[in-house]
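For the protein sequence lines, the chains are A and B, in the order given.
Note that our numbering has the first sequence beginning at 1, numbered continuously upward.
Note that our numbering has the second sequence beginning at 446, numbered continuously upward.
The beta carbon of each residue, even a glycine, is placed where N, CA and C say it ideally should be.
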Amino acid sequence: MDKKPNTIFRALDRKAAAVTEFTMRQYRTKISTWVVLIIGFLMISLLLLFYVDAMQREYESIDNDGDSSDWDNDGYPTGQERLYGTDPNNPDSHPGTFLPPIAPDPPEKWIDEDDFDWDSKPGAGQSISVGYDDDGDCDRADRTESQKDSNDNEIACDIILESNIDDTSNSVYEIDADNFVDEDPDDGKYAKEAIHRASILAIGKLGFVFIIGIFIPLFMATGLIRDEMSSGTMHYMLAKPIARTEVFLYRVLGYLGIVWPYLATLTFVSALVTGLGAPGDSFFRFSEFGLWLSILFAAMLATLVYGMLFCFFGVMWRYGVILAIPFAAWELAMALLSMGAPDLAILRFSVIGWALTIIDSAAILVWPDLDLFIEMGSWGGGGEGTGLWGSSIEGAVPLDYFSSKPGLGEMSPFVSMLISTVVLLVQAAALWLLGGLIFKGKEIQ
Amino acid sequence: MMPDFDQQGLPQTEEWTPEIKAPVILLENVSKTYGRIHALTGITLSLSGGVTGILGMNGAGKSTLFKILMGKIRPSSGQVRLFGTNPWKNPAPYARVGFVPETEKMHDWMTAHDFISTFARLNGLTRAKAKTEADRVLDFVGLSDVAHKQIGRFSKGMRQRTKIAHALVNDPELIILDEPLQGCDPLARTTIMNVIRELGRMGRTVIVSSHILHEIERITEQIVILHHGKLLALGNLHAIRERLDKIPHRIDIGTSDPKALAKSLIDIDSVHGIFFPEGENLSIQTHNLGAFHSELPKRIIESGQSVDSIDNPDDDLESILGYLTGGGGL
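Printed below as a string of C-alpha cells:
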C-alpha cells in the first residue's frame, strides 16, 4: 500500500475524526442521551399511533346533497325520484307507479353517489371544465339545456374550475358547478386521503422539525462544550494543538453523528407506517418516500442549526438552556405562523420557517394536486357550509392547516428548496463561527 | 564578518537562515486579576531546559500561571510566549507541550489506553501511530498492565500517572505538571517522581508545581517560589536552604524527661533558646540548623535520655515563605 503523504489536511482529518468519534462515544455513556432519544422516539410513536388510529376509523359517509332521504314517504329516495322525473315531494308520484313498476333503491345507494371527477387542474389564470355527473341526476331528460348548464359555459353538467391570481400573487381556485354535478362526493375516501396527508405533514413539520428538532439539540447540544468546561475535562482536549473553533465544529459533528442516524431511523419507521397505512388499493404507497426524505432533510438541517445555536448558547453562558427556551418559543410561534401565512417576512428571521419551506416544496412535488385537493374538500359538493346540502368534507380543514404553499413566492419548488437549504447552511456556518469566536474568548478555569 | 565591499569574493551560495532560539517559556511582567483579586502580579520569568519546581501555597497562583502558559486564560497584562508564540492566540505551540492539569476529573468511562490514544490523535497522529504511542507512554509511567482498564476504577496515583502519560504522547519538549503528586500514596509518589526525574534526564524542560517542599526537593533543585501571586524567589533550592539554615529554626523533641534532655543541649553553640511547650515535649530554637543537627545525636546519646520524636516544623514551605517575605521563620 502506498504511504499517504502527511499533509495538513490529513492531520485535520485525524483531529476531526478523533474528536467526532470521542464525542459520539461519550454520548453513548451518558444516560441522558438515551433518555432523550427514547422520549423522542416515544413522541413520534405516539403521533404515529394517532395516525394509525385515524386510518383505522370509518369516516361517516354524509349524504351531502340530501337525496337519500325520502321526503314524501313513498319509499323512494329523492335521488331515485329525480332520476325518473317523479316529484320528490308528492307521495303519489314515484317510479313505483310506472309500468312495469320500478323497485325502490335502498337509501345507501344515494349516498356518496356522485364523487369528484377532477382529473386536471388549470394553469394560473386559466379556467377548465372538469366533473362528470356520475349519478345522472343532472343530465336528466326532463331538464332543459339551460337547467343543465347553470354555470353558463355552454357545456352541460360540468364544473368550471378557474385559477385566479390574487393580490399576493398566489393562485386561488374558483369553482362554479352546474347543479347536481359532483354534489355528493365519497366523504370517507376523501377524509382518509386528506387525513393521511395532513398527518404526514403534521408529523413531519411539528413532530420532526419542531419537537425532535428543538428538543434533541436542547438536551444534547447545549452541554457539548459547556459540560466539559464546567467539569474541567476540557483541559485535556485544549492542551493539544487544536484550535477552539475546530473543537466546536468537531463536537457538533459528533453530535450530528448520533442525531442524524437517529432521525433517519425514525423517519424510515414513520415512512413505513404511513406507507402501509395509506388509503387505496395498493399494499404500500411508495410515492410518498420523497416527502419523507424531504422531512428527514429538513429535520437534519434544523438539528444542525439548532445544535450549533444551542452549543453556542452553552459556551456563552453556563445556563445556556435558559437562552434556548425563549428561542424555542419563538420557533414554535414561527412554525404556527408559517402554517397559516407562509409568506410572512418575519418567518425569514427563524430557522423553522426555512426548514418548513423545504417540506412544503416537497409536498407540492409529491402531491401536485395538493392545492386543488384541499379546495375540493372545502367545496365539498358545492353547498359551502349550509347544513345537509354539502359543506367542507372532514379532513379538508386539517390538511389545509398543516399544508402551506412554500413561502418564497412563485418559483419552482426545487428552487425554493435549494434556497432554503442554502440559507440554513449559512445560518449554521454563521453560528459556528460566532460560537467558535465566543469559545475562543472564554477563559477555562 | 566584514561585508565584501570590493565585490571580489565568490557569491554567497548558502542561504542565510536566522538562528531563532526562543526560550521555551517567557513571561514578561504578567499579571492576572479577577475583579479585585490579584491572582498573579508582575511575573517575569524565562525557562529553558531542566526540571523546575514551582513552589507555592494553595492559591499562590501556580495553576493560574500554568493556565496562562497553556492559553486557557488570558493574562490581564504582560506578555506570554510559549516557544516564542503567544499561547492565547495560537494553539500551535501545544504540539510541543504536554500538560497535566490539576483537575481530578477525567473521562472515567474510557480505558487508559483509549483515553491516551484518542487524544494523541489530536496531535495529528494516525490511529495506528496513536495506539503504539499510547502503549509507549503507558509503559513509561508503568501502567502497561492496566492499560485496558477503565480510568474510573483507577486509584488516585494511577489516575495521575494516566494524566502524565497523556501529556507525554508525541514526545513534547516541555512538560507542565500541575500538582502531580497531590493525593497520591507514597508508592505512587515515588513512581511519579522517578518519571519526572527521568524526563529531566532525557533533556526535556519540565515544570512541576507543588505546595510541599519535600516533594520538590526530591525532584529538582531549581525552584521558583510563588507567594500571593508574586514571584518570590528563583534559583537553586540548596542556596535558598543554606540561607534558610542561618535563620532561627524550631526543633521539637519528644522525650519522657524534657528537662533532663534540655540540660545536656543547652550548651550547644547554635542553640538559641529552649522552651517546654507541653508535658513531654522540648522545643529548641536554633539559628544554625546544620550545626545543631550534627551535634544533636551525640548529645542525646550522652544524656542517656530516650527520644520519641524529632520534628522540624519549620522545615517547610511556610517557614521559607515567612523568611523570604521577611516575617521571620516562627
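Within 10 Å of its beta-carbon, does residue i have 16 or more other beta-carbons around it, so buried, or fewer, so exposed?
i, result
"aspartate 53(A)", "exposed"
"threonine 7(A)", "exposed"
"valine 426(A)", "exposed"
"asparagine 64(A)", "buried"
"methionine 1(A)", "Because methionine 1(A) carries a pLDDT of 46, less than 50, the predicted location of this residue cannot be relied on, and no value is offered for it."
"histidine 196(A)", "buried"
"alanine 202(A)", "buried"
"histidine 552(B)", "buried"
"aspartate 623(B)", "buried"
"asparagine 535(B)", "exposed"
"methionine 647(B)", "exposed"
"threonine 357(A)", "buried"
"isoleucine 322(A)", "exposed"
"lysine 466(B)", "exposed"
"tryptophan 34(A)", "exposed"
"glycine 198(A)", "The residue you asked about is not glycine; residue 198(A) is alanine in the sequence shown. Buried: at least 16 other Cβ atoms inside 10 Å."
"glycine 773(B)", "With a pLDDT of only 46 at glycine 773(B), under the threshold of 50, the placement of this residue in the model should not be trusted, and no figure is reported."
"aspartate 70(A)", "buried"
"glutamine 605(B)", "buried"
"valine 422(A)", "exposed"
"glutamate 578(B)", "buried"
"glycine 856(B)", "With chain B covering only 446 through 775, there is no way to say anything about residue 856(B)."
"lysine 15(A)", "buried"
"proline 538(B)", "buried"
"isoleucine 31(A)", "exposed"
"arginine 688(B)", "exposed"
Quick one: which chain B residues come within Cβ less than 7 Å of residue i?
i, result
"leucine 238(A)", "Lys517"
"threonine 29(A)", "Trp554"
"phenylalanine 22(A)", "Thr563"
"alanine 18(A)", "Thr563, Arg566 and Leu567"
What does residue i reach in chain B if we use C-beta pairs closer than 8 Å?
i, result
"lysine 15(A)", "Arg566, Leu567 and Gly569"
"alanine 362(A)", "Those within 8 Å of alanine 362(A) in chain B number zero; the least Cβ separation is about 40 Å."
"isoleucine 444(A)", "Lys512, Lys517 and Ile518"
Please state whether the Cβ-Cβ distance between residue i and residue j is less than 8 Å.
i, j, result
"phenylalanine 248(A)", "isoleucine 225(A)", "yes"
"alanine 736(B)", "isoleucine 719(B)", "no"
"glutamate 410(A)", "lysine 517(B)", "no"
"isoleucine 162(A)", "glutamate 174(A)", "It should be noted that the sequence gives glutamate, not isoleucine, for residue 162(A). Cβ atoms of glutamate 162(A) and glutamate 174(A): closer than 8 Å."
"phenylalanine 564(B)", "methionine 237(A)", "yes"
"threonine 486(B)", "lysine 743(B)", "no"
"serine 476(B)", "serine 521(B)", "yes"
"phenylalanine 373(A)", "tryptophan 367(A)", "yes"
"threonine 650(B)", "glycine 494(B)", "yes"
"threonine 548(B)", "alanine 592(B)", "no"
"aspartate 105(A)", "asparagine 89(A)", "no"
"leucine 424(A)", "leucine 301(A)", "yes"
"tyrosine 401(A)", "valine 351(A)", "no"
"serine 230(A)", "arginine 318(A)", "yes"
"asparagine 568(B)", "asparagine 615(B)", "yes"
"aspartate 697(B)", "aspartate 753(B)", "no"
"tyrosine 190(A)", "glycine 395(A)", "yes"
Against chain E, with Cβ distances strictly below 8 Å, would residue i count as a contact?
i, result
"proline 546(B)", "Of the protein chains in this structure, namely A and B, none is chain E."
Can you pull the chain A residues whose beta carbon is under 9 Å from the beta carbon of residue i, in chain order?
i, result
"histidine 611(B)", "Tyr236 and Ala239"
"tyrosine 539(B)", "Leu238, Ala239, Lys240, Pro241 and Ile242"
In chain A, what lies closer than 7 Å to residue i by C-beta?
i, result
"proline 536(B)", "Pro241, Ile242 and Ala243"
"lysine 550(B)", "Ser231, Gly232 and Thr233"
Going along chain B in order, which residues have a C-beta closer than 9 Å to the C-beta of residue i?
i, result
"alanine 11(A)", "Asn568, Gly569 and Leu570"
Report task. Please specify which runs of the alpha helix (DSSP H), each continuous and at least 4 residues long, are wholly inside the segment 635 to 671 of chain B, giving them in chain order. Result -> Here the runs fully enclosed are 658 to 664.
**Report entry** Near-chain B residues of the segment 223 to 256 of chain A (beta-carbon distance less than 8 Å), N- to C-terminal order
**Finding:** Among the residues of the segment 223 to 256 of chain A, those with a Cβ less than 8 Å away from any Cβ of chain B are Ser231, Gly232, Thr233, His235, Tyr236, Met237, Leu238, Ala239, Lys240, Pro241, Ile242, Ala243 and Arg244, in the order of the chain.
**Report entry** Against chain A: residues of the segment 582 to 609 of chain B by CB proximity under 9 Å
**Finding:** Legend: CB atoms of the segment 582 to 609 of chain B lying less than 9 Å from CB atoms of chain A belong to residues Lys608.
Report task. Could I get the ranges of all uninterrupted alpha helix (DSSP H) runs contained in the segment 573 to 642 of chain B, with 4 residues as the minimum, in chain order? Result -> Fully enclosed alpha helix (DSSP H) runs of no fewer than 4 residues occupy 601 to 613 of the segment 573 to 642 of chain B, in order along the chain.
Query - 4-residue-minimum alpha helix (DSSP H) runs that sit fully inside the segment 52 to 128 of chain A, ordered along the chain - result: For the segment 52 to 128 of chain A, the continuous alpha helix (DSSP H) assignments of 4+ residues that do not extend past its boundaries occur at 78 to 84, in sequence order.
Query raised in the report: Which ranges would you report for the beta strand (DSSP E) in the segment 133 to 203 of chain A if only whole runs of at least 3 residues count?
Result: Listed in chain order, they are 159 to 165 and 171 to 177.
Report task. Only counting runs of 4 or more residues, tell me where the alpha helix (DSSP H) segments fall wholly within the segment 679 to 738 of chain B, in order along the chain. Result -> The segment 679 to 738 of chain B contains these whole alpha helix (DSSP H) runs: 682 to 690 and 703 to 710.
Query - Contact residues within the segment 638 to 671 of chain B, judged by C-beta distance below 7 Å to chain A - result: If the cut-off is 7 Å between Cβ atoms, the segment 638 to 671 of chain B has nothing near chain A.
Query - Contiguous alpha helix (DSSP H) assignments of at least 4 residues, all confined to the segment 217 to 267 of chain A - result: Restricted to the segment 217 to 267 of chain A, the alpha helix (DSSP H) segments that are unbroken, complete and at least 4 residues in length are 223 to 231 and 234 to 238, listed in chain order.
Query raised in the report: Fully enclosed by the segment 515 to 571 of chain B, which beta strand (DSSP E) runs are 3 residues long or longer?
Result: Within the segment 515 to 571 of chain B, the complete beta strand (DSSP E) runs of at least 3 residues are 522 to 527 and 542 to 545.
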